[in-house]
Amino acid sequence: MGRFIAVLLFVALLVPAVFVGRAWSHASVRREVSNGALSLTLPTSEAERAMRVQAQRARVWRLTGLAAALIGSVAALVMFAESAVFLWPGLLVGGLLAGVLLGELTRVRPNWETRASARRPQSEFIDRALPSIGRLAALGLVAFGWLAMSETWTLEIRIAAGVAVGGWLMVELSLERLARRTGPSGSEDIPVDDALRINSAHVAVGAGSILTLLVLSGLLFVSGVAIGDSATGAALAPVALIAGGFGALVGAMVVGAYLVKWLAPVRWAEAAWGTSQRG
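Under numbering that gives the first Met the number 0, the first residue of the sequence shown carries the number 0, and numbering increases by one thereafter.
What follows is the structure in structure tokens.
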């Protein structure tokens, strides 16, 4: 009976990963709509410059994060030798995600004529369910930071949780900047502005969600192993923690699969006009 309950619990805690996939699959429709709206207009020179600058800036920050991760991996190999085998994958992923988040947080406002506008709701450029995933994961990490189960690794838990929560705060700042950014005065630039906002919001939320889910997954795995591997009677806590870790890991992988598409910069070349009709 205990094994049956453990299996049910394991499956139940993997279900949220399915909802994560559905939410991000719906987000891909928003990208198609924004690209479709972009294809119905001929961007101005300011809009083309904005798309080019945004893509270049994002690429620089991502490469910077990756380079910092490579340097950190080499330093870890020198300092910890064989133990660094388990560190460098996390450093690479963390550095790349940090570069993505910094690139979105520091995006400059496009250089076009603007109009005075009020703060736009976040729901105009991203579905509310997507930031909620990362916020729930961040809250779970905060709980781990305060309710560490063993004094011997409380510091490590708080450091890992602090890094992930700090990354999510960068996401919130990026979303707030997008909501407060003034829009273009020219109607022909509005589709480009909307496409840039939508792309930036989804990239930031995707990177932050992956970071928080991966850290949460690792802490759940460690907690489950630390408590024990008993799965009978009332001792289902290890199974619940490990199943939750698998669920968070699968969720991070699902978001990562969709994020790869969102990392592609917004380009007018995707539009239906074709470059031959330019000018």
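All C-beta atoms, glycine included, are put in the ideal place defined by N, C-alpha and C. No experiment lies behind these values; they were computed from the predicted model shown.
Cα separation between residue i and residue j?
{"i": "M50", "j": "L195", "result": "8 Å"}
{"i": "L90", "j": "L96", "result": "10 Å"}
{"i": "M169", "j": "G64", "result": "15 Å"}
{"i": "G255", "j": "G246", "result": "14 Å"}
{"i": "V77", "j": "G217", "result": "24 Å"}
{"i": "G207", "j": "S44", "result": "32 Å"}
{"i": "A236", "j": "A242", "result": "10 Å"}
{"i": "M158", "j": "A46", "result": "Correcting the residue identity first, residue 158 is Ile in this sequence and not Met. Whole-angstrom Cα-Cα distance: 42 Å."}
{"i": "A239", "j": "P190", "result": "46 Å"}
{"i": "F143", "j": "L174", "result": "26 Å"}
{"i": "N110", "j": "A225", "result": "54 Å"}
{"i": "P264", "j": "A54", "result": "5 Å"}
{"i": "R127", "j": "V92", "result": "26 Å"}
{"i": "A233", "j": "V10", "result": "Below a pLDDT of 50, predicted positions are generally treated as unreliable, and A233, at 49, falls in that range; the measurement from the model is reported next regardless. Cα to Cα, A233 sits roughly 18 Å from V10."}
{"i": "A16", "j": "S186", "result": "40 Å"}
{"i": "G205", "j": "E31", "result": "17 Å"}
{"i": "R48", "j": "W145", "result": "47 Å"}
{"i": "L248", "j": "V28", "result": "24 Å"}
{"i": "L62", "j": "V259", "result": "15 Å"}
Quick one: what does DSSP say residue i is sitting in, helix, strand or coil?
{"i": "P120", "result": "coil"}
{"i": "P264", "result": "coil"}
{"i": "P42", "result": "coil"}
{"i": "P183", "result": "strand"}
{"i": "L219", "result": "helix"}
{"i": "L96", "result": "helix"}
{"i": "V14", "result": "helix"}
{"i": "D188", "result": "helix"}
{"i": "I197", "result": "helix"}
{"i": "L213", "result": "helix"}
{"i": "W87", "result": "helix"}
Spatial neighbours of residue i within its chain, please: C-beta separation below 6 Å, excluding the five flanking residues on both sides.
{"i": "D192", "result": "G182, P183"}
{"i": "A137", "result": "V164, W167, T211"}
{"i": "A57", "result": "G102"}
{"i": "F124", "result": "R196, I197, A200"}
{"i": "L213", "result": "A251"}
{"i": "G71", "result": "L90"}
{"i": "Q121", "result": "L174, A178"}
Please name the residue, chosen from the options, that lies closest to residue i on a Cα-to-Cα basis.
{"i": "S131", "options": "S72, V19, W261, P109", "result": "V19"}
{"i": "G250", "options": "A74, Q121, L135, R48", "result": "L135"}
{"i": "L262", "options": "A142, W60, V17", "result": "W60"}
{"i": "D188", "options": "S33, V28, A16", "result": "S33"}
{"i": "A66", "options": "L140, V99, R106, E31", "result": "V99"}
{"i": "G139", "options": "I156, A128, V265, L129", "result": "I156"}
{"i": "I209", "options": "R106, G133, V14", "result": "G133"}
{"i": "R118", "options": "S72, L177, A22", "result": "L177"}
{"i": "V162", "options": "G94, V28, S122", "result": "G94"}
{"i": "L129", "options": "R21, L69, W145", "result": "R21"}
Who are the Cβ neighbours of residue i in its own chain at under 7 Å, not counting the five residues just before and after it?
{"i": "W272", "result": "Confidence at W272 is low in this model, with a pLDDT of 43, below 50, so its placement is unreliable and the value that follows should be read with caution. So the qualifying residues of the chain are S38, L41."}
{"i": "S172", "result": "In the sequence under discussion, the amino acid at residue 172 is Leu, which differs from the Ser named in the question. Once the five neighbours on either side are set aside, the close Cβ partners of L172 are L104."}
{"i": "G244", "result": "S216, L219, F220, G223"}
{"i": "V141", "result": "A160, V164"}
{"i": "R266", "result": "M50"}
{"i": "R106", "result": "Q53, R56, S199"}
Here's a check: name, in chain order, each residue in its chain whose Cβ is nearer than 8 Å to the Cβ of residue i, leaving out the five neighbours to either side.
{"i": "S24", "result": "Y257"}
{"i": "R108", "result": "R180, T181"}
{"i": "V253", "result": "A16, V19, G20, W23"}
{"i": "A203", "result": "V99, L100, E103, L104, M169, V170, S173, L174"}
Is the Cβ of residue i closer than 8 Å to any Cβ of chain B?
{"i": "D192", "result": "Within the model displayed, chain B is absent; a lone protein chain is all it includes."}
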